[in-house]
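Chains as they are written, first to last, in this note's numbering: chain S, 1 to 169; chain A, 170 to 485.
Quick reminder that beta carbons are idealized off the backbone N, C-alpha and C, glycines included.
Read through the structure below, which is laid out as structure tokens, and then see the notes.
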Amino acid sequence: MTKVSFDVNGDTHQLELDTRTTLLDALREHLHLTGTKKGCDHGQCGACTVIVDGRRINSCLTLAVMHEGDEITTIEGLGAPDHLHPMQAAFVKHDGYQCGYCTPGQICSAVAVLDEVRSGIPSHVTADLTAPVRLTNAELRERMSGNICRCGAYSNIADAIGEVAGRSA
Amino acid sequence: MRAFSYTRAQSPAEAASAAAHTDNAKFIAGGTNLLDLMKLEIETPAHLIDVNGLALDRIEETPDGGLRIGALVRNTDLAANERVRRDYAVLSRALLAGASGQLRNKATTAGNLLQRTRCPYFYDTNLPCNKRKPGSGCAAIGGASRQHAVVGVSEACIATHPSDMAVAMRALDATVETVRPDGAARTIPIAELHRLPGDSPEIETTLQPGELITAVTLPKPVGGTQAYRKVRDRASYAFALVSVAAIVQPDGTGRVALGGVAHKPWRVEAAEAELPRGAKAVTARLFADAKPTQDNAFKLPLAERTLAAVLREARG
Numbered sequence: 001m002t003k004v005s006f007d008v009n010g011d012t013h014q015l016e017l018d019t020r021t022t023l024l025d026a027l028r029e030h031l032h033l034t035g036t037k038k039g040c041d042h043g044q045c046g047a048c049t050v051i052v053d054g055r056r057i058n059s060c061l062t063l064a065v066m067h068e069g070d071e072i073t074t075i076e077g078l079g080a081p082d083h084l085h086p087m088q089a090a091f092v093k094h095d096g097y098q099c100g101y102c103t104p105g106q107i108c109s110a111v112a113v114l115d116e117v118r119s120g121i122p123s124h125v126t127a128d129l130t131a132p133v134r135l136t137n138a139e140l141r142e143r144m145s146g147n148i149c150r151c152g153a154y155s156n157i158a159d160a161i162g163e164v165a166g167r168s169a
Numbered sequence: 170m171r172a173f174s175y176t177r178a179q180s181p182a183e184a185a186s187a188a189a190h191t192d193n194a195k196f197i198a199g200g201t202n203l204l205d206l207m208k209l210e211i212e213t214p215a216h217l218i219d220v221n222g223l224a225l226d227r228i229e230e231t232p233d234g235g236l237r238i239g240a241l242v243r244n245t246d247l248a249a250n251e252r253v254r255r256d257y258a259v260l261s262r263a264l265l266a267g268a269s270g271q272l273r274n275k276a277t278t279a280g281n282l283l284q285r286t287r288c289p290y291f292y293d294t295n296l297p298c299n300k301r302k303p304g305s306g307c308a309a310i311g312g313a314s315r316q317h318a319v320v321g322v323s324e325a326c327i328a329t330h331p332s333d334m335a336v337a338m339r340a341l342d343a344t345v346e347t348v349r350p351d352g353a354a355r356t357i358p359i360a361e362l363h364r365l366p367g368d369s370p371e372i373e374t375t376l377q378p379g380e381l382i383t384a385v386t387l388p389k390p391v392g393g394t395q396a397y398r399k400v401r402d403r404a405s406y407a408f409a410l411v412s413v414a415a416i417v418q419p420d421g422t423g424r425v426a427l428g429g430v431a432h433k434p435w436r437v438e439a440a441e442a443e444l445p446r447g448a449k450a451v452t453a454r455l456f457a458d459a460k461p462t463q464d465n466a467f468k469l470p471l472a473e474r475t476l477a478a479v480l481r482e483a484r485g
């Protein structure tokens, strides 16, 4: 067992964990924040996406004990039912899901994608590496490719993110 | 996952020494490949040495105008670095062609070089694999081998190296800096880092036990038109069937390295002399000793056509 302390959605947590515990399992099984979902558990589906120190990562492919002092944001930290994050509201408005299982990961990923674009991080489809990035539909889809939706709600997901991007641009 | 103990390293030399002197120890940085393999019990370390605190996360200019990239620089940060985008575009392009945004945010420069093959038989612990279990045989030979290597293969292994980044690093003649367990530093040309499988496919690099990569250095920029074209089964978030890293100069000379075709980034300097004569001549030299299977023979014409497309674009 190893001790670790990190912030989740603004609250500091001190945990004593088996070293094998992934960040995903620490959030779900130990802190009972079950909004973050376990899909493939191998970094292939993106359902477990959370934001750590401002960056989106797959919480299934990182050990909880490696996050000493980190600030972690999960879907529960983005908004609440009576006070939705704009990205959550846009997913509702555009029906950006069917079963909803991938949705927390999609939303965490989408929020981080808009930050990545704002900070000028290029993508595979960025035509000019030295020009500012414009968030076209092709850019958005490329950047969201690490989040799989087996219901195939992609076009509505893209509409939801596009609307928030337009509003904040 | 098997149980393991965990410590945070205090310095590169201490990490290397601890790795060499602790039974069945491994370094962990981004963890995106290692933890996946540990869950499947393909990797079963008894001890993990976390190197994330070692301050190897900076990109610095070298005195000769090149770049020294710390081993822990994340793939996202390397791809987005202003100097890399301007002077080493093939590297930015290769990084951005790999994995997903989430994985690039964690994956490190050194970890990317040391990631292991995605051969499905390496991953399936019910089947023989000389890389996973030396001497057990190779299920890919005679199996479904569409994704596998076509050149530099052996009777023991036809796995590919999965990295995109490493292919660009090979075209750029990068140098790998390491520290050994005795504290001594050394440099390894990227061409000599990865091994061909031969009869010991479980040994993938020329690193010694415990040796820790501390940085990757790029020589001063070589200019030219730089491109990385990756052909894969879907438009994003898939490994290469074939990829081409190319640096083409205005006079038609240049450099070419291929991904998805071998156990290491595949570059044959002699083949580059053929560049003015076109893609067919270059790939004829690159694949002079190719031994494709029935399933993956398509990679030879695919690589030729991909290179032809890259050259056409580079020459405008």
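Which stretch, first to last residue, makes up the alpha helix (DSSP H) that contains residue i?
i	result
residue 185/A	181 to 190
residue 94/S	86 to 94
residue 58/S	That residue, residue 58/S, is in no alpha helix (DSSP H); its beta strand (DSSP E) goes 55 to 58.
residue 436/A	From DSSP, residue 436/A is part of no alpha helix (DSSP H); its letter is neither H nor E.
residue 452/A	448 to 455
residue 174/A	From DSSP, residue 174/A is part of no alpha helix (DSSP H) but of the beta strand (DSSP E) over 174 to 177.
residue 258/A	258 to 265
residue 278/A	278 to 283
How far does the beta strand (DSSP E) with residue i in it reach, from first residue to last?
i	result
residue 195/A	194 to 197
residue 131/S	Taken as a continuous stretch (DSSP letters only), residue 131/S belongs to no beta strand (DSSP E), as it is neither H nor E.
residue 483/A	Run containing residue 483/A: none in the beta strand (DSSP E); it sits in the alpha helix (DSSP H), 468 to 484.
residue 395/A	394 to 400
residue 117/S	Unbroken run through residue 117/S is the alpha helix (DSSP H), 103 to 118; no beta strand (DSSP E).
residue 301/A	First-last for residue 301/A: undefined, no H or E at that position.
Which whole-angstrom value describes the C-beta separation of residue i and residue j, a residue pair presumed to lie in contact below a C-beta threshold of 8 Å?
i	j	result
residue 440/A	residue 425/A	7 Å
residue 77/S	residue 156/S	About 24 Å; that fails the 8 Å criterion.
residue 386/A	residue 346/A	6 Å
residue 479/A	residue 412/A	The Cβ separation is near 10 Å, so there is no contact.
residue 409/A	residue 483/A	About 19 Å separates the two Cβ atoms, so there is no contact after all.
residue 259/A	residue 414/A	5 Å
residue 185/A	residue 350/A	5 Å
residue 362/A	residue 282/A	7 Å
residue 143/A	residue 434/A	Since the first residue shown for chain A is 170 and the last is 485, residue 143/A is missing from the structure and cannot be characterised.
CA-CA distance, residue i and residue j?
i	j	result
residue 169/S	residue 210/A	Bear in mind that the predicted position of residue 169/S carries a pLDDT of just 42, short of 50, making it unreliable; the figure below should be weighed with that in mind. If I take the Cα positions, the gap works out to 46 Å.
residue 55/S	residue 460/A	43 Å
residue 313/A	residue 173/A	35 Å
residue 74/S	residue 46/S	13 Å
residue 50/S	residue 463/A	43 Å
residue 164/S	residue 83/S	16 Å
residue 262/A	residue 375/A	27 Å
residue 214/A	residue 193/A	5 Å
residue 370/A	residue 206/A	17 Å
residue 88/S	residue 79/S	8 Å
residue 251/A	residue 364/A	32 Å
residue 348/A	residue 465/A	39 Å
residue 321/A	residue 244/A	28 Å
residue 158/S	residue 32/S	30 Å
residue 271/A	residue 114/S	13 Å
residue 451/A	residue 472/A	10 Å
residue 149/A	residue 120/S	Limits of chain A in this structure are 170 at one end and 485 at the other, which puts residue 149/A out of reach.
residue 295/A	residue 302/A	11 Å
residue 117/S	residue 133/S	6 Å
Please name the residue or residues paired with residue i in a DSSP beta bridge.
i	result
residue 407/A	Beta-bridge pairing links residue 407/A to no other residue.
residue 6/S	13/S
residue 83/S	80/S
residue 52/S	55/S, 72/S
residue 342/A	Its beta-bridge partners do not exist; DSSP assigns none.
residue 236/A	230/A, 387/A
residue 415/A	396/A, 425/A
Going along chain S in order, which residues have a C-beta closer than 9 Å to the C-beta of residue i?
i	result
residue 200/A	61, 62, 63, 66
residue 245/A	55, 116, 121
Kindly list, in the order they appear in chain A, the residues whose Cβ is closer than 7 Å to that of residue i.
i	result
residue 43/S	201, 205, 272
residue 155/S	By Cβ distance, chain A contributes nothing, its closest Cβ being about 15 Å from residue 155/S, past 7 Å.
If the cut is a Cβ gap below 8 Å, which residues of chain S does residue i touch?
i	result
residue 221/A	66
residue 208/A	41, 42
Name the chain A residues whose beta carbon is nearer than 9 Å to that of residue i?
i	result
residue 117/S	Within 9 Å Cβ-Cβ: nothing; residue 117/S doesn't reach chain A, min ~11 Å.
residue 8/S	Neighbours of residue 8/S on chain A: none; closest Cβ ~18 Å, over 9 Å.
residue 5/S	Chain A residues near residue 5/S: none, gap ~14 Å exceeds 9 Å.
residue 100/S	Result: empty, since nearest Cβ-Cβ is about 20 Å, beyond 9 Å.
residue 113/S	270
Residues of chain A with a CB under 8 Å from the CB of residue i: which are they?
i	result
residue 109/S	270, 271
residue 46/S	269, 271
Show which residues of chain S have a CB atom less than 7 Å away from the CB atom of residue i.
i	result
residue 456/A	Here the premise fails: no neighbours, minimum Cβ distance about 27 Å.
With a threshold of 7 Å, establish whether the CB of residue i neighbours any heavy atom of the ligand GDP.
i	result
residue 242/A	Within the structure as shown, the ligand GDP is missing, as the structure has no ligands at all.
Using a C-beta to C-beta distance shorter than 7 Å, which residues of chain D count as neighbours of residue i?
i	result
residue 142/S	Among the protein chains in the structure shown, which are S and A, there is no chain D.
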